[in-house]
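Its first residue numbered 41, the sequence shown is counted upward by one per residue in my numbering. Note that CB positions come from ideal geometry on N, CA and C, so glycine has one too. Keep in mind the model is a prediction, meaning the values are calculated, not measured.
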Amino acid sequence: MDVGIRVAEPGDLGALTASMGQRPFFADRLARQARGGGVLLVAALAGAVVGDVYLSWEPPGEPELGRHLPGVPSLVHLEVAPHLRGRGIGTSLVQRAEGEAVRHGAVRVLLGVEGANRGARRLYERLGYVEWEHGIVPTCWMVERGGRHRLHRTSVHVLVKELPVPPR
Numbered sequence: 041m042d043v044g045i046r047v048a049e050p051g052d053l054g055a056l057t058a059s060m061g062q063r064p065f066f067a068d069r070l071a072r073q074a075r076g077g078g079v080l081l082v083a084a085l086a087g088a089v090v091g092d093v094y095l096s097w098e099p100p101g102e103p104e105l106g107r108h109l110p111g112v113p114s115l116v117h118l119e120v121a122p123h124l125r126g127r128g129i130g131t132s133l134v135q136r137a138e139g140e141a142v143r144h145g146a147v148r149v150l151l152g153v154e155g156a157n158r159g160a161r162r163l164y165e166r167l168g169y170v171e172w173e174h175g176i177v178p179t180c181w182m183v184e185r186g187g188r189h190r191l192h193r194t195s196v197h198v199l200v201k202e203l204p205v206p207p208r
């Protein structure tokens, strides 16, 4: 399977939305990327978007993260098309995001995962992420379903990975 991982471009909004839905999320992330707030990565197979992840340079919305991990970039919204999960696409997206973080000068990266999302948790742990010692963090985000938007409130386990320092 020849999946390519690349930085999203403004013209990808239609393809992202067609494959993954969530037009407001992707429009927002592309706008943030244009302002230098992060990098939206897409996985493409035969020209179709089959996955994405956003690497954010912006301060997190959760005060606990800013207090304990100031300046640490975060991985947000890793997603792979359901029929292609378990084939290494998520791993490739995370590894590319980590590479972007290293190129940006980061020495670690963080992410949040809901307790019920055991598959994602296993993936992150397999990739070297470990849970931080400061407990579960409450968070929320907007979810679009059928053209309607609602606030999704939840708590997440915060996982952190130390990144390799490139040789000088």
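For residue i, which of the options has the nearest alpha-carbon?
i, options, result
"V116", "L150, V47, G44, R193", "L150"
"R72", "P99, V200, A55", "P99"
"W97", "G145, G87, P64", "G145"
"P64", "R188, K201, R193", "R188"
If I'm right that residue i touches residue j with Cβ under 8 Å, what's the distance once you round it to whole angstroms?
i, j, result
"V112", "R148", "5 Å"
"L163", "T131", "7 Å"
"L70", "L81", "With a Cβ gap of about 12 Å, L70 and L81 do not count as contacting."
"V20", "L203", "The chain is shown from 41 up to 208; residue 20 falls before or after that span and cannot be answered."
"V134", "L118", "7 Å"
Given residue i, which residues of its chain have a CB within under 7 Å of its CB, disregarding the five upstream and five downstream residues?
i, result
"I129", "V43, A83, V90, G91, V120"
"V205", "V147"
Could you pull out every residue in the same chain whose Cβ sits closer than 8 Å to the Cβ of residue i, ignoring the five residues on either side in sequence?
i, result
"H174", "E104, H108, V198"
"A74", "P50"
At what residues does the beta strand (DSSP E) containing residue i begin and finish?
i, result
"G152", "148-154"
"A88", "88-96"
"A137", "Careful: A137 lies outside any beta strand (DSSP E), inside the alpha helix (DSSP H) at 129-143."
"H117", "114-120"
"A83", "78-85"
In terms of residue numbering, what span does the alpha helix (DSSP H) encompassing residue i cover?
i, result
"Y164", "158-166"
Tell me which residues share the same chain as residue i and place their Cβ nearer than 6 Å to its Cβ, disregarding the 5 neighbours each side in the sequence.
i, result
"E102", "V177, T179"
Pull up the DSSP beta-bridge partners for residue i, would you.
i, result
"I45", "A83"
"V198", "G152"
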